[in-house]
Structure formats: C-alpha cells, structure tokens
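Q: My numbering puts the sequence shown at residues -2 to 345. Glycine included, every Cβ here is placed at the ideal spot set by N, Cα and C. It should be emphasised that the depicted structure is a prediction, and the values quoted were computed from it without experimental measurement.
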Amino acid sequence: MGLSKLKRRVGDVAATALWRSGLTHPGRWAKGRLPVVTFHRVLPPEASKESPFPSIAVTPEELAWFLERFSQHFRCMSLREALAAPSPGAGELPPLAVTFDDGALDNLEYAAPVLRRAGVSATFFIVAQNAESGRLLWPERVVYGLSALLHQPDGVARADRLAAAHELERPKDGDARAQARALVGHLKGISTEQVDAFVDDLEEEVAPPKRAGWEGMMSFEQIRSLRDAGHEIGSHSLTHPIMTNCTDERLTRECVESKRLLEDALASQVDSFCYPNGDHDARVVRAVRDAGFTHAVTTDWGTNSLGADPWTLKRSDIQSHTSRSQDGALSASRLAWRLSALHPGAHR
C-alpha cells in the first residue's frame, strides 16, 4: 500500500472513530462558536479539470451535498447575518457562515441555483476592479498565459528570457500547467509592482487562449442580481494582490477604492472584507479597518469564539478531495472532522 493510500485509510479510521465518539459532532463543540466555510469555483467536472486551479473547484452536486450536511447541524447564512445572529436558544441550531471568494462567473451560473434550492444565503467576496473590467485575476492570467507560451515551438526559450528579465527562476517540473501554477506561488512572494510588470509583459509576449464559456468574472449587474436574491456582497480587494507585499499607498487604495466601487455599483453598504490569499498583518488589518469595513476573514483554519477579533476571522476551506474517504465517496465524518478544532489543520 502506498503512503498516500495509507494516510487516507488512517484518516478514514480517525474520522469515523471521532464521529462515533461524538467528539466531532457540532453539538459537542459549536456552542458559542461561529464556523465560517469558504468555497471558490463551482464547476461541472469537465470544466473543473480544465480550470487553472482544479483543486479549489467543487461541482454543483458536491456543493449541494456540503450544504445538505451543514444544514443538518447549523443554520447556514451569510457572514453578515451570522455575525448579527443572536445566540441560539434551547433546541436551536447554531449559525454557520457560507462564503465564496473571487467573484468568478461560475458562482452565479452554478453556485447560486444550488444555494437557492437549499434556501441558503451566502457572502460573495468580489475583486472590484476585475468585476468592472471583466479581466481574470492575475493568477489565472499567469496560468493561461505561461501555459500558452510554453506550448509554442520556441516558447520554452521565450519563457526563460521573460523570467530572467524579471529576475525570476521559472519552475521546470511537471507539465506546462504545473509549471505555471508553481510560478504563481513564486510571484506571491515578491512586490505587487513586480507582479504587475511580469503579468503585463507575459501578456505582451503571448495572447492567452480564447476563454471557455464558463470562464470569466461576474459583472456588476450580475453581482447586483445576487444581492437582490438575498446574498451579501463583500470586498476581496481592488485587484487581488498579496496585501502584505503592497506599499502603504497601494494598500490604502486596495481597501478604499474596492469599497467605493462596490458601494457605488450596489447602491448599498459593503461591510465585509476578505484578504486575498489570506495574507494579512497588523498593517493590512489597520488599512481594512480604517477603510470602514466592520469585519474581515482570513484563511487561517478554525472556528471563531463570540469575542473573536472581527478583522481576523478564521475559516475552513472546503474542497471535495479533502472530504472524500479512501473509496472516493464524500464522507460526512471527514467533513465533521475538518470543521472541528480536532483536525490537525485547525489552529485556534
């Protein structure tokens, strides 16, 4: 048995034992705490395989399964509603906030119908400038652009020259998509201005392939339709930079301008913020607070106490591959373990 299969089997045994013992049952740990779950892309299987980051996509059917399991133990709602919800009375289910990051078009086409059928409202975090322009986020642009370049006859040499011009070392392991995703990881560690310059030069070097019909960003009109359906709209910054890599001036602009653009488009107040990639520090938190947001979510794994810092709320990232048992089926006990503080990935 390979190591990965052994680890999955051990995980199955642990998840089942913890559930049967009651330790990961929400009734045991959820009182006085607020879990926040996050999704990204919601795509049919074939589209998911073609997406730049397939691991962060769930299918509509998987999303429906997750929402059904959540609703058995929680009252599922938007982040704003969950933060304002009174403590549950005797026999009442505790709240759970459902969030979606990035504002991709598939959230409207595939996630919204599932939410409607489940009777669940959610918070959608929107990258404001990309909603205005329709451009994909910079990580997707890098994956599509570099993959297209590497598939050209002289693409490898051109990609190496481009990387060298920006003082980057181009990853060379795996196929073109894998190399491009690894480069995105490297770009997250440099200044925002350097990232912008590289992405601009990459797109001058090669035009990315024509988008599939499911690929794109929601427009402001489409975002308003989500709001009108009862969902909350939050800010995911202006351009989705790594905010800890921003200058003070850029940081202020990312917070203030994203709030202004969204509030102008919606004609309503935007209170919630989501740190791109989860990166934040005291300077970033201060900029978000000073811009007028009343709370913000991170990617730090865990649940939130009633007195938690509202600008550094923890979340549980929900992905189908981490919720499957060894036989490939979605596992309620694995999901419960992932949500609980007992999971080794959770930090309280």
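1) So who's on the other strand from Ser118, going by DSSP bridges?
2) Sorted by chain position, which residues of the same chain lie with C-beta nearer than 7 angstroms to Leu259's C-beta, five sequence neighbours on each side aside?
3) Can you list, in chain order, the residues of its chain whose CB lies under 7 angstroms from that of Ala264, leaving out five sequence neighbours each side?
4) Less than 8 angstroms between the CB atoms is what I'm expecting for Ala262 and Ile220, so what's the real figure, rounded?
5) What's the gap between the Cα of Ser18 and the Cα of Lys2?
6) Would you grab the beta carbon distance between Thr189 and Cys243 for me? Rounded to a whole angstrom, and I think it's under 8 angstroms.
7) Answer yes or no: do Ala284 and Thr241 have a C-beta to C-beta separation smaller than 8 angstroms?
8) In whole angstroms, what separates the C-alpha of Trp349 from that of Ser330?
9) Tell whether a beta-carbon distance below 8 angstroms holds between Trp211 and Ala44.
10) Mapping the DSSP letters down to three states, classify Val203 as helix, strand or coil.
11) Near Arg5, which residues of its chain fall below 7 angstroms by C-beta distance, leaving aside the five closest residues on each side in sequence?
12) Since Val33 is in the beta strand (DSSP E), which residue starts that stretch and which ends it?
13) Grouping DSSP H, G and I as helix and E and B as strand, with all else coil, what is Ser130?
14) Taking the alpha carbon of Ser144 as the point to measure from, which residue in Ala194, Arg113, Gly131 and Glu202 has its own alpha carbon closest?
15) Exposed or buried, what is Asp98 when buried is set at 16 or more other beta-carbons lying within 10 Å of its beta-carbon?
16) Since Leu133 contacts Met215 with CB under 8 angstroms, what's their CB separation in whole angstroms?
A: For this structure:
1) DSSP lists no partner for Ser118.
2) Ile123, Ala125, Ile230, Ser232 and Val267
3) none
4) 7 angstroms
5) 24 angstroms
6) Cβ-Cβ separation between Thr189 and Cys243: approximately 5 angstroms, consistent with a contact (criterion under 8 angstroms).
7) Cβ atoms of Ala284 and Thr241: not closer than 8 angstroms.
8) Lying before the first or after the last residue shown, residue 349 is absent from the chain, which here runs from -2 to 345.
9) yes
10) coil
11) Gln323
12) Per DSSP, the unbroken beta strand (DSSP E) holding Val33 starts and ends at Val33 to Phe36.
13) helix
14) Glu202
15) buried
16) Not a contact, Cβ separation roughly 12 angstroms.
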